[in-house]
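Residue numbers (the numbering used here): 808 to 1450.
Working notes, structure below.
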Amino acid sequence: MQLKSLIIIFVCALCQIQTLAQLENKNIQFGLSGIDTGSLHQEIISIERLMKADPDSAIKRLEIIFHNSLSNNFHFGMGAARLYQANAHLQKSEYDKALLKYKESMVYLYKSQKGIRSIPSALNNIGNVYHQINDYENAVNYLYRALAVADSLSPPVNVDYIYQNLAAVLVDLKQSPSKVFRYLNIAEHFAREKKNYSNLAKNYNNRGYMYKNMGYWDSALKNFDISYNIALQHNLIQEQYVALLNIGVLYNEREEYQKAITYFNKAQSLTADISPFFKNRLYKDLGVSYLRSKNYKLAEKYLTEAQEGSRYSNQSGILLYTHKDLAELYEKKQMYHKAYLHAIRYAQLKDSFENKEIINKVNSLESKYSIAKKNEEIARNELLIQAQGNRIRYKNLVIGFTILCFSGLIVFIFISNKQKKKFHKKNMENIKLQQKTDLLQAHISGEEKERIRIARELHDGLGGLSSALSLNIHLLKNENDPLRYSKLYNTIEQISEHLHSEIKKTARNLTPDILAQYSLPEAIILYCQQVSDASKIDLVVQSIGSFEAISSELRLVIYRIIQELVNNIVRHAQASNALVQLVEQKDAIVITVEDNGMGYDVSKRTEGMGLKNIAARVNALKGHVTYESMPGEGTTTIIEFYN
808 MQLKSLIIIF
818 VCALCQIQTL
828 AQLENKNIQF
838 GLSGIDTGSL
848 HQEIISIERL
858 MKADPDSAIK
868 RLEIIFHNSL
878 SNNFHFGMGA
888 ARLYQANAHL
898 QKSEYDKALL
908 KYKESMVYLY
918 KSQKGIRSIP
928 SALNNIGNVY
938 HQINDYENAV
948 NYLYRALAVA
958 DSLSPPVNVD
968 YIYQNLAAVL
978 VDLKQSPSKV
988 FRYLNIAEHF
998 AREKKNYSNL
1008 AKNYNNRGYM
1018 YKNMGYWDSA
1028 LKNFDISYNI
1038 ALQHNLIQEQ
1048 YVALLNIGVL
1058 YNEREEYQKA
1068 ITYFNKAQSL
1078 TADISPFFKN
1088 RLYKDLGVSY
1098 LRSKNYKLAE
1108 KYLTEAQEGS
1118 RYSNQSGILL
1128 YTHKDLAELY
1138 EKKQMYHKAY
1148 LHAIRYAQLK
1158 DSFENKEIIN
1168 KVNSLESKYS
1178 IAKKNEEIAR
1188 NELLIQAQGN
1198 RIRYKNLVIG
1208 FTILCFSGLI
1218 VFIFISNKQK
1228 KKFHKKNMEN
1238 IKLQQKTDLL
1248 QAHISGEEKE
1258 RIRIARELHD
1268 GLGGLSSALS
1278 LNIHLLKNEN
1288 DPLRYSKLYN
1298 TIEQISEHLH
1308 SEIKKTARNL
1318 TPDILAQYSL
1328 PEAIILYCQQ
1338 VSDASKIDLV
1348 VQSIGSFEAI
1358 SSELRLVIYR
1368 IIQELVNNIV
1378 RHAQASNALV
1388 QLVEQKDAIV
1398 ITVEDNGMGY
1408 DVSKRTEGMG
1418 LKNIAARVNA
1428 LKGHVTYESM
1438 PGEGTTTIIE
1448 FYN
């Protein structure tokens, strides 16, 4: 009787499920009205064409679709309408409206089985919006959420776009090239597999941008050219525009301004409707080209357009540097009042922008760490499931075996557990060692970011204000002619110029931009030459090897260590001569720093902050440091890094 009741209940449940499935299919089949109003898919395709030419009209048509879907309780139609409305607002750089529509679309898409497959697209686009407005925390958070949902679907959807956007965010966060290129390689694989040429063009643009940041100009230009040719071959107008824009920016940074102007103008000649985000970038960089070429009339025209457009689109990064360039322009035109106003506005925006950027970078790293922990938990659960399955198979085997086999298995399990414990203990030791190394590397990375932040504050904050002070002093002299002959005025003017020079010098010492321009040996020679000139210590630099194959992280660590050791010699050693030697061997890099100073007893050495910093940097990269010294016989420091 009970079995019969269970069968009846089971059959009823199957009928109910079948009925619900038919209703869902009916909604999808009949589209907006649930009766016979045509295909939603075809309607969306026609609106996509309209969106490029007239996004406002597309938004209105999508609003009609939304209300028709709402009246028929068709969740997929409501979600799709809001999703495409958000895309239209994003095309117009209306970021607040786009975010609102994207988040609303997900509410409806989650309620539809078919709509679930559109969720990764919505999350990806939200991450893209946050990236464009420099909110890195939310950008990373939503992109990883998009990736998690996309991977959970069968087959996965939108992963090529998501990996592409993740790589772009990591480029702006100045993450390690290996991490960025790993994401770009995954995105390229999916783009080629799906023949998604738009995404493939973006991929090469991101690669070029990464190489440009690393200082590899030729590689950057090569990738921008590949991006442009892919876009040209497949008539992708906006991708052509972005590639030409990036080539122009590259030539700007190489101070080849006429070439830059040629590529910017070629981009402007494209007739398609280009996103305001990219237009404002082009106006700003084209204005810089004309400014450096001393064509101040055109420079003012384009920089003003960039200022107005970026203010309307809430592009704070472009607006920030447009104020800086306008301050420089008006200074050269001797319009000191306008120059002063833009310099002050730049300093004000820089403070809030930098603080927000730093906070978002830190938060994004925390977000990635949390996601990594979740992935570890998922992996552990999978291992537990696998282990449980193994135990079930083991029990089934035990049932079929004799007592002798059972005894043998017990012995095997005992030995296996012993080996597992031994392996687990060793694995835990390795994990603890890796955690310690990661903490040291994070500490060094944080210290470098703080140095860069302080250098920027000095250069852009105090530097901007000291520049404004100099402008006002010159303006005062122009307005009050007798001051030209005032001794006190001339003294104030000299102090102002000296202050500006010292701020720039301090900022340069804090951030090693020299490593982007020169090889490691050349950078150290230049640094030691500056120290030698200032301290009258005869500093000699010897190097064997090119050091081109070592990572940028190790190159920076070596540069900082030598800075610290040379600084200690200047401050404490009372030396007249010093030697810095760098040797690149097949399996190691050896750094030796010697001086003929007063020396000390190594056994009684106490580590100050300088030596602690050196030890932390060396340990973080698993190197070894040795100090050799005796009172009156100078000091020798030997540091080794092994490949």
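Glycine is no exception: its CB is placed at the ideal position from the N, C-alpha and C atoms.
On a predicted model such as this, the values are computed, not experimentally measured, just so you know.
Please list the terminal residues of the continuous beta strand (DSSP E) segment that includes residue i.
i, result
"Asp1402", "Ala1395 to Asp1402"
"His1431", "His1431 to Ser1436"
"Ala1385", "Asn1384 to Glu1391"
"Phe1448", "Thr1442 to Tyr1449"
Which two residues bound the contiguous alpha helix (DSSP H) that contains residue i?
i, result
"Ser1359", "Ser1359 to Asn1375"
"Thr1111", "Tyr1103 to Ser1120"
"Ser1339", "Leu1327 to Ser1342"
"Arg999", "Pro984 to Lys1001"
"Gln971", "Val966 to Asp979"
"Thr1069", "Tyr1064 to Gln1075"
"Gln939", "Ile926 to Gln939"
"Ala1023", "Inspection of the sequence shows that residue 1023 is occupied by Tyr rather than by Ala. Premise fails: Tyr1023 is in no alpha helix (DSSP H) and is neither H nor E."
"Asp1132", "Ser1123 to Lys1139"
"Ala1356", "Where Ala1356 is concerned, there is no enclosing alpha helix (DSSP H), given that its DSSP letter is neither H nor E."
"Ala955", "Tyr943 to Ser959"
"Lys867", "Pro862 to Ser878"
"Ser912", "Tyr902 to Leu916"
"Ala895", "His882 to Gln898"
"Asn1087", "Pro1083 to Arg1099"
"Ala1050", "Ile1044 to Glu1060"
Pull up the DSSP beta-bridge partners for residue i, would you.
i, result
"Val1348", "Val1387"
Taking the CB atoms as reference points, tell me whether residue i and residue j lie closer together than 8 angstroms.
i, j, result
"Ile1125", "Asn1087", "yes"
"Gln1114", "Leu1133", "yes"
"Asn1059", "Asp1092", "yes"
"Val1338", "Leu1327", "no"
"Arg1014", "Leu1007", "no"
"Leu980", "Ala953", "no"
"Ser928", "Asn965", "yes"
"Asn1012", "Asp967", "no"
"Ala1079", "Gly1094", "no"
"Leu877", "Asn932", "no"
"Gly934", "Gly886", "no"
"Leu1057", "Ala1038", "no"
"Gly1439", "Gly1406", "yes"
"Tyr1035", "Gln1047", "yes"
"Tyr1070", "Leu1098", "no"
"Gln1122", "Phe1085", "no"
"Arg1424", "Ile1368", "yes"
"Glu1112", "Tyr1090", "yes"
"Glu850", "Ile866", "no"
"Leu950", "Ser1005", "no"
"Gln1045", "Ser1082", "yes"
"Asn1450", "Ala1385", "no"
"Gln892", "Leu916", "no"
Report, in whole angstroms, the separation of the C-beta atoms of residue i and residue j, which I expect to be a contact under 8 angstroms.
i, j, result
"Val987", "Met1021", "About 10 angstroms; that fails the 8 angstroms criterion."
"Glu1401", "Phe1354", "About 20 angstroms; that fails the 8 angstroms criterion."
"Ile1445", "Val1397", "7 angstroms"
"Ala974", "Ala955", "Ala974 to Ala955, Cβ: 17 angstroms. No contact."
"Gln1388", "Thr1399", "4 angstroms"
"Val914", "Ala946", "Not really, about 21 angstroms apart at Cβ, beyond 8 angstroms."
"Val1373", "Cys1335", "6 angstroms"
"Leu1103", "Lys1139", "In the sequence under discussion, the amino acid at residue 1103 is Tyr, which differs from the Leu named in the question. Yes, they are in contact, since the Cβ atoms of Tyr1103 and Lys1139 sit about 7 angstroms apart, within 8 angstroms."
"Gly1404", "Gly1441", "5 angstroms"
Using a Cβ-Cβ cut-off of 8 angstroms, state whether residue i counts as contacting chain D.
i, result
"Val936", "Reference to chain D is not applicable here, since this structure consists of a single protein chain."
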